[in-house]
Every structure is written in C-alpha cells, then in structure tokens.
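Novice:
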C-alpha cells in the first residue's frame, strides 16, 4: 500500500480529483469529516447509549458519546505523532503532495469519533441481542429466504458494519450519506471483510466483519480508491487494513482499558487501593507525593488515568513506527497494544474490569432487560414485513415512525429494521418497549 493513495481526499460522488496542496487551509477536507460526524443525529444519539452501565443515572459514568470524544482526542495525538515521523521518513508526501502531520491526526480523530456510531442500545449486549433474535429467536423464520451471507449479517449483527452503513448510506436529500473522505472511511474500517467466512485467519482484521451485503459496492469503491491489499482470492471480499486503522483501534483500546477502569473505581465497584496497585505499573515514575496531596478519589484516579494514557500513547506510536513497513504490506496481524511491553499490565486491568464491572450485578440485570427490549422491538416490527398489515400492524408502523412504503427486498427490509432499532438511544428503546407492552400510555 502507498501513503499517497491511503490519504485520499475523495468523497462519494466526486467527479474531480481532490489534491491536498489545493486544499483551503482554514477548512481542510479531513477536518470537515470530523465536523460532519459530530453534527450528525446518529452521533448525537450516543449521549444516551451505554458504555459501561446501561441506563445509569450517575454523572461519573461515561456514555458512548463521552467515550467517543475521548477516543478521538487520543486518536488525534496518535495520528499527529505518527504523521510527524512519517513525513520525516517520506518527505515527498509533504514536498510534492502537501500533506502535513496534522492531516494524519485529523483522519484518525474523525475515524475514532465515529468508531461506535453503529452500536445499538445497551452496548455490546445489544449487538448480541439483535443477532440472537435472528439466530435463535423468531427471526429464524427468514433464514430460508436469504443468501448465507445475508443471513450471517443478521445472525452476527456487527456495530462496525452498521457504522459503515450509517456513514455511507444515501438518504433523501443526502446522496452518499455524510460524504466523508475515503481516507477517513478507510481508517474507520477495523474489519475490511464481509460476514462470511467467519474468522478465516487469526489476523486481527479477520476477527469480525466491516460491512453488510447492502454496502458491498460502497465498500469496494473505498478499498479500490485507497489501494488496500486484497488478502484472499476468490468470491469472498477481504482486504488488509488501512494502516491508520491500527491507531484508531489503539485509541479505543487505551480509553476503554483505562477509563472503564476509572468508572469502576468511581462507582465503588473497584477499590482505590487496586487502582494505585495496578495503574502504577503503567506509570513507573508516578509522583506519589503529588498523588496523596489530591483530596478526592476522583482527582487521584484522574491523575493516574492521565499519566497512564500518556504512557500508552507513546508506546503505541513506537510500535506503529517499528512495524510500519509490515503494516503497509498487510503483514502485521495484531493490535498495536498486543505487542506492547505493558501487555501483561493491560490484561491485569481488563481482568479486574471484567469481573468487577462488566459482570457486576447491575450490568447483568440491565443487559438482560436490554435483550428483552430489543427482541420485542425487532419482533413487533418484523411481523409487519411483507404481509397485509392489520390495523394493529399499522399502529406499530406509526409507533416506529415508519410508513413501510418502499419496494425493497426482504434482506434490505430486515437490515433497515435492525439499523432503525440500532440508532435508538437506550431510553427511546425502553420507552417504545413500554408502549408496545401497554406499560406507558402517557
């Protein structure tokens, strides 16, 4: 892969080539990407979507929105530091094409900002609830009418693929969705493959999938423009990652490792003594005197968090640059932090987070409720697909704000329903569930 192509400013529907050296420095194309994402309704809905604790009433706890903003900040730092070193290694990128190190930061920040935009209500359990409805629930009835890949899209509903759909799908009056640069779309795609085959290799890019069959053409256009490497021959689409995707992933890994841990401490699910014991291993030069001068638990934990994030940013940049040539060849098969000298310390923190936070009674109870809510919403809406609607069915369509007038295939209709449910907030999905059950008639 070549950086000149990977940094493409092209947008869906462009007829003329966009050149970096001709860009308006006051409003760069990659910065426009960030603006378009942050003003989108799908991004705005993340303010009421689960990061750790579903439907939490506590100010301490991060939502998907605050998490995404923090990942974007870390991603911008990663991109700028890597960009500075890349321009020193490949001076023609600056001298001939006009790229600057801030461009790398802007691309990674925009992709990082959008990285959770396709996640449904109730966190990762929401993804599982949607998939389970089609794999084991009433959605199984559609299997015989779909191709294997179409059915797999539903059975393993993937927030990353749904995010690509949200960013690229044409809407009335908005051809090409948000019309982001292909560089940003490429950096966004953590898993540049379709849903089948499942995990064909142990390569990190094959862990999940990155687009639904409905967006296959849009994905292919982005991959071709960027010059991504096709990793398998034959009928199955699979590409090497855009190199900057590794930085987006690292930003996410850094934030959820450290900040979910911080949430657990502030909620009292993890003792502060644990925090010092485990965080100090990531911050060997901690100023213990300053630490104990801080008067509140939140301030002390925040101090540790900032130092730990700084350490891991430097580590991720070093690993990226040491492996940059292998990454360009598609030969680097792990997440950056999996190669970190701090890997054991990171795993220790994640192990505690799993047992004390993700498997806590409060989270488990609300994830169960999330399963029930999303399964009910899907079932009520799917029952209206391709049938002569009763009066009740018409009322359901109105509740879902869906006139169901389009002539589309069964697969497209099912993906549309999943997408509609996925962009709901936690609170809205609960509210509609209560109305469908007759529990809230106000």
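Residue numbers (UniProt numbering): 1 to 442. Cβ atoms here follow ideal geometry from the backbone N, Cα and C, with glycine treated the same way. Since the model is a prediction, treat every value here as computed from it, not as a measurement.
Would residue 202 and residue 191 qualify as a contact pair, given that the criterion is a beta-carbon distance under 9 Å?
Specialist: Contact flag unset, no.
Novice: Going by DSSP, which residues form a beta bridge with residue 11?
Specialist: Looking at the DSSP assignment, residue 11 forms a beta bridge with 181.
Novice: Compute the Euclidean distance between the alpha carbons of residue 264 and residue 4, then round it to the nearest angstrom.
Specialist: Each residue's alpha carbon lies about 43 Å from the other.
Novice: In the DSSP output, which residue or residues are listed as bridge partners for residue 193?
Specialist: In DSSP, residue 193 forms a bridge with 238.
Novice: Using C-beta distances below 6 Å, list every residue in its chain close to residue 280, excluding the 5 sequence neighbours before and after it, in chain order.
Specialist: Closer than 6 Å at the Cβ level, and outside the excluded window around residue 280, lie 286.
Novice: In angstroms, rounded to a whole number, what distance separates the CA positions of residue 55 and residue 48?
Specialist: Note on residue 55: pLDDT 49, under 50, position unreliable in the model; no value is reported.
Novice: Hey, out of 67, 18, 378, 26, whose CA is closest to residue 256's CA?
Specialist: Comparing Cα positions, the closest option is 67.
Novice: Using DSSP with H/G/I as helix, E/B as strand and the rest coil, what is residue 347?
Specialist: Note: residue 347 maps to helix in three-state DSSP.
Novice: Quick check on residue 217: buried or exposed, where buried means 16 or more other Cβ atoms within 10 Å of its Cβ?
Specialist: Exposed, by the Cβ-count rule.
Novice: Any idea if residue 273 is buried or exposed, counting beta-carbon neighbours within 10 angstroms, 16 or more meaning buried?
Specialist: Its Cβ having fewer than 16 others within 10 Å, residue 273 is exposed.
Novice: Among 277, 1, 13, which one has its Cα closest to the Cα of residue 261?
Specialist: Taking only the C-alpha atoms, the option nearest residue 261 is 277.
Novice: Would you decide whether residue 23 is buried or exposed? Buried here means 16 or more other CB atoms lie within 10 Å of its CB.
Specialist: Burial call: buried.
Novice: From 254, 204, 378, pick the residue whose C-alpha is nearest to that of residue 238; which is it?
Specialist: It is 204.
Novice: Starting from residue 292, follow the alpha helix (DSSP H) in both directions and report where the run begins and ends.
Specialist: Segment 288–293, the alpha helix (DSSP H) holding residue 292.
Novice: By how many angstroms is the C-alpha of residue 115 removed from the C-alpha of residue 417?
Specialist: The alpha-carbon atoms of residue 417 and residue 115 are separated by roughly 21 Å.
Novice: Taking the continuous alpha helix (DSSP H) assigned at residue 429, which residues delimit it?
Specialist: Note, residue 429: alpha helix (DSSP H), 426–436.
Novice: Identify which residue in 258, 122, 195 has its Cα closest to the Cα of residue 236.
Specialist: Nearest C-alpha to residue 236: 195.
Novice: Taking just the CA atoms, how far does residue 32 sit from residue 18?
Specialist: Each residue's Cα considered, the two are about 14 Å apart.
Novice: For residue 230, which residues does DSSP report across the bridge?
Specialist: 239, per the DSSP bridge assignment.
Novice: Find out if the Cβ-Cβ distance for the pair residue 371, residue 129 is shorter than 9 Å.
Specialist: Result yes, Cβ atoms of residue 371 and residue 129 sit closer than 9 Å.
Novice: Go ahead and pull the three-state DSSP assignment for residue 257.
Specialist: In the structure shown, residue 257 sits in a helix (DSSP, three-state: H, G or I).
Novice: Taking the DSSP output, what are the residues bridged to residue 333?
Specialist: Its beta-bridge partners do not exist; DSSP assigns none.
Novice: Return yes when the Cβ of residue 212 is within less than 9 Å of the Cβ of residue 153, no when it is not.
Specialist: Cβ distance < 9 Å, so residue 153 and residue 212 count as in contact.
Novice: Measure the C-alpha to C-alpha separation of residue 425 and residue 147 and round it to an integer number of angstroms.
Specialist: Straight-line Cα distance between these residues: approximately 30 Å.
Novice: Compare the beta carbon distance of residue 122 and residue 50 with 9 Å and say whether it is the shorter of the two.
Specialist: Their beta carbons are under 9 Å apart, which means residue 122 touches residue 50 by this criterion.
Novice: Ordered along the chain, which non-local residues of its own chain (more than five positions away) have a Cβ less than 7 Å from that of residue 364?
Specialist: Counting only Cβ-Cβ distances below 7 Å, and skipping sequence neighbours, we find nothing.
Novice: Compute the beta-carbon to beta-carbon distance between residue 21 and residue 98, rounded to the nearest angstrom, for a pair I have assumed lies under 8 Å.
Specialist: Contact flag correct, Cβ pair sits at about 3 Å.
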